[in-house]
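Remarks on the structure that follows.
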Amino acid sequence: MTLETSIEYVKGIGPEKAKLIKNVLGISTVEDLLNFYPIRYLDKNKVYKVAQLQESNLDVQLKGKITQVQEIQTGRTKRLTAKFSDDTGTMDLVWFQYSKWMKEQLPLNREIYIFGKINLFNKQFSMPHPEIEIEEKKENDNRLRPIYPSSEKLTKRGLNQKFFQTILRNICKEIPNLIQENLPDYLIKAFKFLSRKNTYLNIHFPKNTEYYEKADQRLKFEESFFFQLGYGLKKLHHKTQSFGNPFPIVGDYFTHFYEHHLPFELTNAQKRVLKEIRQDMKKPIQMNRLLQGDVGSGKTMVALLTMLIAMDNGFQSCMMAPTEILAQQHYNGIKDLLKDTDIKVRLLTGSSKASERKIIHEELESGELSILVGTHAILEDKVRFKKLGLAIIDEQHRFGVAQRAKLWAKNKIPPHILVMTATPIPRTLAMSFYSDLDVSVIDEMPIGRKPIITAHRREKDRVFVYNFCRDEIKKGRQVYFVYPLIEESETLDYKNLMEGLDHVMQSFSDYNVTMLHGRMKPDEKDTAMNYFASGKAEIMVATTVIEVGVNVPNASVMVIESAERFGLSQLHQLRGRVGRGAEQSYCILMTSDKLSTESRTRIKTMTETNDGFKISEVDMQLRGPGDILGTQQSGVVDFKRLDLVQDSAIIKTTKNAIEKILETDPMLSRAENLIIKNYYIKYYKGKNKWGKIS
Ligand code: ADP
Ligand code: MG
1 MTLETSIEYV KGIGPEKAKL IKNVLGISTV EDLLNFYPIR YLDKNKVYKV
51 AQLQESNLDV QLKGKITQVQ EIQTGRTKRL TAKFSDDTGT MDLVWFQYSK
101 WMKEQLPLNR EIYIFGKINL FNKQFSMPHP EIEIEEKKEN DNRLRPIYPS
151 SEKLTKRGLN QKFFQTILRN ICKEIPNLIQ ENLPDYLIKA FKFLSRKNTY
201 LNIHFPKNTE YYEKADQRLK FEESFFFQLG YGLKKLHHKT QSFGNPFPIV
251 GDYFTHFYEH HLPFELTNAQ KRVLKEIRQD MKKPIQMNRL LQGDVGSGKT
301 MVALLTMLIA MDNGFQSCMM APTEILAQQH YNGIKDLLKD TDIKVRLLTG
351 SSKASERKII HEELESGELS ILVGTHAILE DKVRFKKLGL AIIDEQHRFG
401 VAQRAKLWAK NKIPPHILVM TATPIPRTLA MSFYSDLDVS VIDEMPIGRK
451 PIITAHRREK DRVFVYNFCR DEIKKGRQVY FVYPLIEESE TLDYKNLMEG
501 LDHVMQSFSD YNVTMLHGRM KPDEKDTAMN YFASGKAEIM VATTVIEVGV
551 NVPNASVMVI ESAERFGLSQ LHQLRGRVGR GAEQSYCILM TSDKLSTESR
601 TRIKTMTETN DGFKISEVDM QLRGPGDILG TQQSGVVDFK RLDLVQDSAI
651 IKTTKNAIEK ILETDPMLSR AENLIIKNYY IKYYKGKNKW GKIS
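Set out below in structure tokens:
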């Protein structure tokens with residue numbers, strides 16, 4: 001037997017079971033079986049008495065007898081129950097799914113052991129789907145007993161826990177010497193790891209909980225280590241191999257603007273970030289930088305100044321946004337900032353007219369146009385630049401890798417890349433997954449900005465909320481009402497939105513109300529936006545289309561309806577639409593009276609903090625990392641054991657270890673590191689699907 005042997009040839013499996021296991025669990029080799037980890041363990045030495053049971057949800061083993069079996073029918077569902085007794089008491093065993101065969105085979109009035117999780121209901125303990133072992137057959141082994149992830153389909157066909165335990169026990173007996181080390185001695189010593197062989201033996205059949213912990217730590221370390229190694233190598237490779245246009249000059253465009261047209265003093269954070277960008281672009285290596293900054297931290301100005309540096313070096317820039325509204329806003333903002341200069345900016349989106357496109361194409365190719373702002377329309381092949389030197393991408397996780405690759409191809413030497421995101425990424429995520437990017441953070445808000453006051457209100461408070469809005473409008477402010485529009489229930493949401501609009505219009509009949517939602521045509525959206533932005537409408541009723549980037553500094557109140565239906569990061573993004581001017585701003589989260597625990601946590605987090613990083617960390621704990629990164633990337637962070645929330649210490653440790661190794665041995669060519677290199681090439685190379693930007 002080798003690690004590559006097909007499970008079909010493993011004793012006790014055979015072709016038929018092999019096929020089933022492959023289909024249901026995706027396991028086809030001995031190695032896959034080794035990597036099929038138990039989900040929990042039972043301590044076989046510990047036998048509880050019924051009278052001792054105290055806590056629910058605990059894995060326990062009991063010894064006793066089944067005295068009675070009964071099938072119970074409620075409505076259309078049936079369940080099987082059995083009375084289980086020992087000398088201290090009686091409890092129910094319950095099966096919600098079972099076969100006739102099973103019902104008949106339950107051992108009555110014989111000494112048995114039962115294993116499983118106990119449930120407490122109405123002060124009565126019960127055990128759903130217990131595993132049963134008859135006493136004389138009980139194995140004599142005092143290791144912890146592994147429980148493997150299983151399914152009804154497998155159990156029905158005899159592939160139960162017992163089956164997997166036997167198979168894995170045999171494998172662990174037969175092949176320990178085939179399990180080869182993948183970490184060098186010096187790391188194993190430094191971290192006091194078990195050998196790889198002992199790690200596997202103890203993950204399947206732990207000697208005790210201490211050994212289980214050790215095995216678990218090592219497997220997590222391995223996962224984090226080899227995953228991050230890929231990024232480490234890539235970053236290194238990038239730094240040494242990937243050519244870019246050096247921008248050595250800071251010239252007239254930048255200096256003139258900085259001295260004469262800058263409408264405010266830059267924050268220290270903006271200055272620092274600009275310096276980091278400038279250092280990158282000086283070099284003949286493509287810049288790949290992620291600019292993180294909370295909503296309202298002033299990323300647009302940094303983007304503009306960066307584009308001016310590109311111009312000073314004779315290059316064109318483009319700036320790409322995920323939606324038409326956002327592109328339009330960027331365009332308006334940049335055009336406004338550049339109004340007293342002769343720098344040419346144009347906007348290209350899906351709804352640009354053919355005549356405009358023609359001009360844009362011509363001016364891009366002649367080099368006359370220096371800055372192009374737009375949506376993914378910029379990616380079209382027809383859009384060719386004379387000398388594209390810089391591409392700025394706003395709200396990065398909405399663009400796919402393939403789309404970005406198109407941007408690189410727009411110049412012989414790829415343009416410098418600045419990715420801007422207002423969705424702060426939890427530090428552990430940024431650390432592990434953007435390790436091929438350099439990260440700059442704007443961690444400071446422009447001075448004079450007052451933190452937004454956020455409150456939670458319910459239906460009964462609606463009159464007060466409306467009165468509050470009215471008072472703010474009287475002071476000259478504007479108000480947003482935001483309604484959820486979530487795809488699965490789009491029709492219903494649409495109806496709610498329209499009812500909401502009616503209601504707001506009636507309640508605020510003395511004011512102008514405008515509306516913005518995703519079903520409107522681009523020019524209708526523009527009209528609505530302008531109506532609000534110019535102050536003609538005091539109130540905007542909208543869906544989450546305003547989530548990204550909309551900038552109306554005079555709007556100081558946002559009322560979010562059915563706030564419990566929004567995710568945390570979405571609430572935070574929405575809230576960022578107010579608090580953009582000098583006035584005190586407010587965000588009012590309207591919810592129904594009944595809230596789930598999770599919704600309550602979200603609402604509470606929002607009322608307690610304005611810090612995007614804190615919010616993103618809570619969000620990751622609630623939703624898991626895959627969702628945080630957006631649907632495009634979810635699934636790529638499927639670690640078997642590593643938990644990005646709980647294992648941040650391990651992630652940090654591995655990151656440091658990798659940095660240290662690559663610093664002295666960037667090619668992993670030293671004898672002691674070959675073991676890492678070979679394992680990486682065999683199992684990980686080319687498999688890191690994301691974080692990929694160049
Ligand atoms: P975001 O990071 O969300 O894209 P913006 O770039 O839209 O933020 O900036 C938000 C607002 O803050 C804009 O109105 C902008 O003009 C203003 N702003 C940016 N930087 C500063 C600064 N240093 N001082 C004062 N106001 C600033
Ligand atoms: Mg912005």
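First residue of the sequence shown: 1, per UniProt numbering; consecutive thereafter. We put the beta carbon where it would ideally sit given N, CA and C, even for glycine.
query: Residues sharing a beta bridge with C587, DSSP; result: T454 and M558
query: D342 Cβ short of 8 Å to the ligand ADP heavy atom set; result: no
query: Alpha-carbon spacing of L34 relative to S195, whole angstroms; result: 15 Å
query: Touch test, the stretch 242 to 255 against the stretch 312 to 326, Cβ-Cβ under 8 Å, three pairs minimum; result: yes
query: Bridge-paired residues (DSSP) for T77; result: T74
query: A555 beta carbon near the ligand ADP (any heavy atom closer than 8 Å); result: no
query: When E111, V69 and I114 are compared against K100, the one with the closest alpha-carbon; result: V69
query: Cross-strand partners of L42 (DSSP beta bridge); result: R145
query: Closest residue to K335 among I39, C172 and G374 (Cα-Cα distance); result: G374
query: For W95: DSSP bridge partner residues; result: L80
query: Beta strand (DSSP E) runs wholly inside the stretch 268 to 352, at least 3 long, in chain order; result: 288 to 293, 316 to 320 and 345 to 348
query: In chain order, each beta strand (DSSP E) run of at least 3 residues that lies wholly inside the stretch 108 to 134; result: 112 to 117, 119 to 121, 124 to 128 and 131 to 134
query: Cross-strand partners of K63 (DSSP beta bridge); result: Y113
query: For K11 and Y679, the rounded distance between their alpha carbons; result: 28 Å
query: Limits of the alpha helix (DSSP H) - the one that L266 falls within; result: Per DSSP, L266 belongs to no alpha helix (DSSP H) and is neither H nor E.
query: Cα-Cα separation between I393 and G567, rounded to whole angstroms; result: 24 Å
query: Beta-ladder partner(s) of D510, from DSSP; result: The partner list for D510 (beta bridge, DSSP) is empty, contrary to what the question assumes.
query: Buried versus exposed call for P15 [16 or more other C-beta atoms within 10 Å across all chains shown]; result: exposed
query: Proximal residues to I13 (C-beta, below 6 Å), its chain only, five neighbours per side dropped; result: I7
query: Three or more C-beta pairs below 8 Å linking the stretch 317 to 337 and the stretch 270 to 286; result: no
query: Test item: CB-CB of V441 and K410 under 9 Å; result: no
query: Between the CA atoms of P206 and I114 - distance to the nearest angstrom; result: 20 Å
query: Collapsed DSSP secondary structure at F243 in the structure displayed; result: strand
query: Three-pair Cβ contact test at 8 Å for the stretch 658 to 678 versus the stretch 51 to 68; result: no
query: Q165 versus P128, T491 and R40, residue with shortest Cα-Cα distance; result: R40
query: Residue span of the alpha helix (DSSP H) that contains G612, given as start and end; result: G612 to R623
query: Any non-hydrogen atom of the ligand ADP closer than 8 Å to K46 Cβ; result: no
query: Proximity below 9 Å, CB of Y511 to CB of I539; result: yes
query: Backbone CA spacing between N610 and M445 [nearest angstrom]; result: 11 Å
query: Beta-bridge pairing of S6 - partner residues as DSSP gives them; result: T29
query: Which of helix, strand or coil DSSP assigns to residue 704; result: Outside the shown range of the chain (1 to 694) lies residue 704, about which nothing can therefore be said.
query: Cβ pair count under 8 Å reaching 3, the stretch 220 to 228 against the stretch 638 to 650; result: yes
query: Contact the stretch 365 to 380 vs the stretch 336 to 351: 3+ CB pairs below 8 Å; result: yes
query: Any non-hydrogen atom of the ligand ADP within 8 Å of K263 CB; result: According to the sequence provided, residue 263 is Pro. The question's Lys does not apply to it. Yes, the beta carbon of P263 sits closer than 8 Å to at least one heavy atom of the ligand ADP.
query: I309 vs R278 beta-carbon contact at 9 Å; result: yes
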